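In the numbering used here, the protein residues as written are 431 to 761. One structure is given below, encoded as structure tokens.
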């Protein structure tokens, strides 16, 4: 395989073209799974191969650099684009991720070299590969998760497998040397999930009903077309506040819990939330702003519409993988 830097790139395929115009039956194509299968839909494949790192995503065969929209500073965006443009090999595209903000050239260059090496290792397998064949597999789920969400706010990471703990400590030491000591090997008598109260949270993920502040609760139901969340005040004592203020307080607490549940359950597609009715326009606007605030840290793309006159809020959220769902029963 010739070096990618020496190859002449072909024009990009029109997005609205027909796949039959470009591919023939029996033709072998290098593809990557872009989205896992969901319900009756099969996996989504792409021929735009990418290799994700903590600070950037490398895309062979595309000679351009783009910057995450979450980096708001115009000066920082320009700095990163110019920096990456100067260090990336020819005929490689790069998407600069939010984590790259304010990072030094040495850190970015080190990761870029690792990603280029992954592509080179993959490309070496292609001449001998027989379709269908796996030529590249993403890094382990634990490392991949940390790569995407690790931040300086992490105080402790507990792992009950010594080998995995060592692997994670090495990875954290690589991406954040001063935070390597947050990784702890857990060898307590109680199961690790029970010890840290995670088992209870996991069980709540599979339930239709989710309780939160002061006895209020959510009812979460799924259909093929959308998800429906109903907010209920429960046995909450309303005497301390008027009905309107009480409804607003419950709705704000519900919005915070809903944002949490969307992330925990990986819920995607259309979500309709039936909040407790409020007559105050000011309260309705404040609730809309609060929901935007609670979902601001969500890594999945989403859009929130203001409350309708019926008290319904519509949310669309990027569907990356099937939502966390499990049928359970007690005997």
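Backbone N, C-alpha and C fix where the C-beta goes; we use that ideal spot for every residue, glycine too. Small disclaimer: the values here were computed from a predicted structure and weren't measured.
According to DSSP, residue 647 shares a beta bridge with 641, 662. Collapsing the DSSP output to three states places residue 707 in coil. Beyond the five residues adjoining it in sequence on each side, residue 535 comes within less than 6 Å, by CB distance, of 513 in the same chain, given in chain order.
Non-local C-beta neighbours of residue 641 in its own chain, meaning closer than 7 Å and more than five positions away in sequence, comprise 647, ordered along the chain. Rounded to whole angstroms, the separation of the alpha carbons of residue 704 and residue 741 is 6 Å. Shown here, residue 475 sits in a strand according to DSSP, grouped into three states.
Under DSSP, no beta-bridge partner is assigned to residue 677. Excluding sequence positions up to five before and after residue 531, its CB lies within less than 7 Å of the CB of 501, 506, all in the same chain and listed in chain order. Taking residue 511 as the centre and dropping the five residues before and after it, the same chain places the C-beta of 495, 497 closer than 6 Å to its C-beta, in chain order. By the Cβ neighbour-count rule, residue 664 is exposed, with fewer than 16 other Cβ atoms within 10 Å of its own. It is roughly 26 Å from the alpha-carbon of residue 524 to the alpha-carbon of residue 453. For residue 490, the three-state secondary structure derived from DSSP is strand. Sequence-distant Cβ neighbours of residue 592 in its own chain, meaning closer than 7 Å and more than five residues away, are 615. Under the DSSP assignment, residue 614 falls in the beta strand (DSSP E) whose first and last residues are 613 to 615.
According to DSSP, residue 717 shares a beta bridge with no other residue. Residue environment analysis places residue 583 among the exposed positions, since fewer than 16 neighbouring C-beta atoms fall within 10 angstroms of its C-beta. Counting along the chain, residue 744 sits inside no alpha helix (DSSP H); it lies in the beta strand (DSSP E) bounded by residues 742 to 747. Counting along the chain, residue 464 sits inside the beta strand (DSSP E) bounded by residues 462 to 465.
Classified as exposed, residue 719 has fewer than 16 neighbouring CB atoms from the shown chains inside 10 Å of its CB.
Scanning 633, 744, 649, 736 for the CA closest to the CA of residue 713 turns up 736. Shown here for residue 473: same chain residues with a beta carbon closer than 7 Å to its own, the five before and five after excluded, namely 463, 465, 466, 467 in chain order.
Annotated as proximal: residue 587 and residue 613, with beta-carbon spacing under 7 Å. Per the coordinates, the alpha-carbon of residue 594 lies some 42 Å from the alpha-carbon of residue 717. Here residue 471 is exposed, its C-beta having fewer than 16 other C-beta atoms within 10 Å.
Taking each of 708, 537, 692, 559 in turn and checking the Cα distance to residue 702, the smallest one comes out for 692. In this model, residue 573 and residue 598 are separated by some 7 Å (Cα to Cα). Annotation: residue 541 to residue 644 spans about 47 Å, alpha carbon to alpha carbon.
Residue 747 is a Cβ neighbour of residue 732, given a cutoff of 7 Å. DSSP, read as helix, strand or coil, puts residue 634 in helix.
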